[in-house]
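Below is one structure; the comments refer to it alone.
Protein chains: 2
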Amino acid sequence: MEYYKEDSAILLAVDCIIFGFNGESLQVLLIKRDFEPERNKWSLMGGFVQADESPELAASRVLKKLTGLENVYMEQCSVFGDPKREPNSRVVSICYFALIDTQKYTHILSEEYEAKWFPLQDYPALIFDHDQMIASAQHRLRMKAALYPILFELLPEKFTIPQISALYEGVYNIEIDKRNFSRKLLASDLIIKLDEKDKENSKKGAFYFKLNTAIYKEKIMSFLRYLPSWFPENS
Amino acid sequence: MEYYKEDSAILLAVDCIIFGFNGESLQVLLIKRDFEPERNKWSLMGGFVQADESPELAASRVLKKLTGLENVYMEQCSVFGDPKREPNSRVVSICYFALIDTQKYTHILSEEYEAKWFPLQDYPALIFDHDQMIASAQHRLRMKAALYPILFELLPEKFTIPQISALYEGVYNIEIDKRNFSRKLLASDLIIKLDEKDKENSKKGAFYFKLNTAIYKEKIMSFLRYLPSWFPENS
DNA sequence: ATAATTAGTGTCAAATTAACATTTAATTTT
DNA sequence: AAAATTAAATGTTAATTTGACACTAATTAT
Numbered sequence: 004m005e006y007y008k009e010d011s012a013i014l015l016a017v018d019c020i021i022f023g024f025n026g027e028s029l030q031v032l033l034i035k036r037d038f039e040p041e042r043n044k045w046s047l048m049g050g051f052v053q054a055d056e057s058p059e060l061a062a063s064r065v066l067k068k069l070t071g072l073e074n075v076y077m078e079q080c081s082v083f084g085d086p087k088r089e090p091n092s093r094v095v096s097i098c099y100f101a102l103i104d105t106q107k108y109t110h111i112l113s114e115e116y117e118a119k120w121f122p123l124q125d126y127p128a129l130i131f132d133h134d135q136m137i138a139s140a141q142h143r144l145r146m147k148a149a150l151y152p153i154l155f156e157l158l159p160e161k162f163t164i165p166q167i168s169a170l171y172e173g174v175y176n177i178e179i180d181k182r183n184f185s186r187k188l189l190a191s192d193l194i195i196k197l198d199e200k201d202k203e204n205s206k207k208g209a210f211y212f213k214l215n216t217a218i219y220k221e222k223i224m225s226f227l228r229y230l231p232s233w234f235p236e237n238s
Numbered sequence: 004m005e006y007y008k009e010d011s012a013i014l015l016a017v018d019c020i021i022f023g024f025n026g027e028s029l030q031v032l033l034i035k036r037d038f039e040p041e042r043n044k045w046s047l048m049g050g051f052v053q054a055d056e057s058p059e060l061a062a063s064r065v066l067k068k069l070t071g072l073e074n075v076y077m078e079q080c081s082v083f084g085d086p087k088r089e090p091n092s093r094v095v096s097i098c099y100f101a102l103i104d105t106q107k108y109t110h111i112l113s114e115e116y117e118a119k120w121f122p123l124q125d126y127p128a129l130i131f132d133h134d135q136m137i138a139s140a141q142h143r144l145r146m147k148a149a150l151y152p153i154l155f156e157l158l159p160e161k162f163t164i165p166q167i168s169a170l171y172e173g174v175y176n177i178e179i180d181k182r183n184f185s186r187k188l189l190a191s192d193l194i195i196k197l198d199e200k201d202k203e204n205s206k207k208g209a210f211y212f213k214l215n216t217a218i219y220k221e222k223i224m225s226f227l228r229y230l231p232s233w234f235p236e237n238s
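Listed in order, the protein sequences are those of chains C and W. The opening residue of the first sequence carries number 4 in the working numbering; numbering runs sequentially from there. The opening residue of the second sequence carries number 4 in the working numbering; numbering runs sequentially from there.
What follows is the structure, encoded as structure tokens:
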């Protein structure tokens, strides 16, 4: 039994897959590295887990450094640890995906880093295995969102039904029948209609809704289904 | 940016949550530690990730060492990395859950280790945060199995419908209407009826089925739902 | 005023689900 | 050998949900 022999000189890192939604497509936030190796290439935002911090804390720290945001929805997803995944050292990286509201926080970006949102359909070549990380996080997001209403974390406080609808379409790359979708959504009691309307995106304007936090907190802990049963995973 | 400074002296380990099904309840395989610290206490089977191996490989190695089994269904689940989770050193552990067929392999157990199956409802106190690991893996299993038919990995090659039914009841702690369940299952084309019957568990005997591997491989990659929609997560 | 655009509500047949009952194939008992 | 017993397997039906479709409503632009 080789417990407690110090035989694994491994560096531990975290990488953040930061998802956002711009109203059209699901986006991921990438940075341009200004340090070696792989200077000037695009990558996920990451950092090493420090001696006195948990991986969760490291991920929050890294996220805050890039976006300025705290108390963001984050979830651990897969660990990438192939011995050869980085050329010069043995780094095992724990991935976290974060769901943030793009609209609200764009102004904070790019101050210290060259950071940019890219649509998940079409982002530049990334260093190491970061594209696999994104693919894996996306799969995880789809799985989780098929059971729990976490996608609301990507929307602002006030949102419209067309927005949610577009969000689900973006996340799953499908077309949704808005009428059926909105019926289902309203029946869930998850959202509360406000008096105000969003006039930005249409002539008629769409009513704003807010989350029913009581129901949300209850449902976030129990399974829910917003997807049609025929939903295809591969797309 | 503190990339590539060797500032994180962290040991990386894996722990395996090994699930089995004895026909009645979902079980987890635990070992009694015969080394310090925490000698003679029950724990999960684990080990350190070696310099030249990936975490996946480490987990397979650890699983094989305990059970003798290879090519077992394994899935990465959460990482436990609180700085204080082990008293004497900083160990970050990646958890994997494995689904194995208890019946077939009990004879291999306990040769090198004192290993024992315990029902998930009622297992002894464990070292460190291993109980949280089990809870987390169980949650993960439930989530995954709500979308994909992975629970078949817990059954022998030949199984009966009452067995599958009991398995789902065990995993989710619910009562299932066998009539509706079996109708749904048969309609999925996922299982193929054999001529043989299992006479062990009833007078009449229940027909054996085997997996339709073609359909299985297709469905394992796409969402599926075996649970009633009212299914409660908290139990 | 009219056209154009997108939000929001409505309808209905088909499919699925949930609840419930009966029949069937064995073994055990008498 | 017949009857009782046990659990498997199949059947029935009403209620609900789904998916496909059409229309009305509110606003802006022309």
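Note that CB positions come from ideal geometry on N, CA and C, so glycine has one too. If you're wondering where the values come from, they're calculated on a predicted model, not measured in any experiment.
Check, Outcome
"At least one CB of chain W closer than 8 Å to the CB of Ala54/C: is that the case?", "yes"
"Using Cβ-Cβ distances below 7 Å, what residues of the segment 73-90 of chain C are close to chain W?", "Gln79, Ser81, Val82, Gly84, Asp85 and Pro86"
"I want to see whether chain W comes within less than 8 Å of Ser96/C, judged by CB atoms only; does it?", "no"
"With a threshold of 16 other CB atoms inside 10 Å of the CB of Pro127/W, please say whether the residue is buried or exposed.", "exposed"
"Which residues, in order along the segment 37-61 of chain W, keep a beta-carbon less than 7 Å from a beta-carbon of chain C?", "Phe38, Gly50, Phe51, Val52, Gln53, Ala54, Asp55, Glu56, Ser57 and Pro58"
"If you follow the alpha helix (DSSP H) that Glu172/C is in, where does it begin and where does it stop?", "Ile164 to Tyr175"
"Considering only the alpha carbon of each residue, which of Leu33/W, Phe51/W, Asn91/W and Asn215/W lies closest to Trp45/W?", "Leu33/W"
"Would you kindly work out how many angstroms separate the C-alpha atoms of Asn215/W and Thr163/W, rounded to a whole number?", "14 Å"
"Specify, as a first and last residue, the run of the beta strand (DSSP E) that Leu15/C falls within.", "Leu14 to Phe24"
"Could you have a look at Gln124/C and say whether DSSP puts it in helix, strand or coil?", "coil"
"Whose C-alpha, out of Asp85/C, Gly26/C and Val52/C, is nearest the C-alpha of Glu239/W?", "Within the shown structure, residues of chain W are numbered from 4 to 238, placing residue 239/W beyond reach of any answer."
"I'd like the span of the alpha helix (DSSP H) that includes Gln141/W, first residue to last.", "His133 to Leu150"
"Rank Asp201/W, Ser191/W and Lys207/W by C-alpha distance to the C-alpha of Gly26/W and give the top, closest one.", "Asp201/W"
"In three-state DSSP terms, what is Ala54/W?", "coil"
"Who are the Cβ neighbours of Ser168/W in its own chain at under 8 Å, not counting the five residues just before and after it?", "Ile179, Lys181, Phe184 and Ser185"
"Since Gln30/W and Trp120/W should fall inside the 8 Å C-beta cutoff, what is the C-beta to C-beta distance between them, to a whole number of angstroms?", "4 Å"
"Quick one: give me the first and last residue of the alpha helix (DSSP H) that Lys187/W is part of.", "Lys181 to Ala190"
"Distance, Cα to Cα, Val82/W vs Glu221/C?", "25 Å"
"Measure the C-alpha to C-alpha separation of Ile153/W and Asp18/W and round it to an integer number of angstroms.", "20 Å"
"Hey, would you say the C-beta of Phe210/W is under 7 Å away from at least one heavy atom of the ligand MN?", "This structure lacks the ligand MN; in fact it carries no ligand of any kind."
"Taking 8 Å as the CB-CB cut-off, is Ile218/W touching chain C?", "no"
"Check whether chain C comes within 8 Å of Met136/W, counting only Cβ atoms and requiring the distance to be less than that.", "no"
"Would you identify the three-state DSSP class for Ser205/W, choosing helix, strand or coil?", "coil"
"Please decide whether Ala101/C counts as near chain W, where near means a Cβ-Cβ distance under 8 Å.", "no"
"Is Leu150/W buried or exposed, if buried means 16 or more other CB atoms sit within 10 Å of its CB?", "buried"
"List the residues of chain C that Arg93/W touches, going by C-beta distances under 7 Å, in chain order.", "Ala54"
"At least one CB of chain W closer than 8 Å to the CB of Ile13/C: is that the case?", "yes"
"So which of Gln166/W, Ala217/W, Ser191/W and Ile218/W has the shortest CA-CA distance to Ser205/W?", "Gln166/W"
"According to DSSP, is Tyr108/C part of a helix, a strand, or is it coil?", "helix"
"Is it a yes or a no for the segment 63-73 of chain W touching the segment 130-146 of chain W, going by three-plus beta-carbon pairs under 8 Å?", "no"
"Of the residues Lys87/C, Tyr116/C and Cys80/C, which one's Cα is nearest the Cα of Arg36/C?", "Tyr116/C"
"Using the Cα positions of Ile77/C and Phe51/C, report the straight-line distance between them to the nearest angstrom.", "The question names Ile, yet the displayed sequence has Met at residue 77/C. The straight-line gap from Cα to Cα measures roughly 17 Å."
"Is DSSP giving Leu72/C helix, strand or coil here?", "coil"
"Taking the C-alpha atoms as reference points, what is the distance between Ala148/W and Ala217/W?", "19 Å"
"In chain order, what residues of the same chain lie with their CB nearer than 7 Å to the CB of Asn91/C, ignoring the 5 residues before and after it?", "Pro40"
"So, at 6 Å on beta carbons, what are the nonlocal neighbours of Ala12/C in its own chain, with the 5 sequence-adjacent residues on each side left out?", "none"
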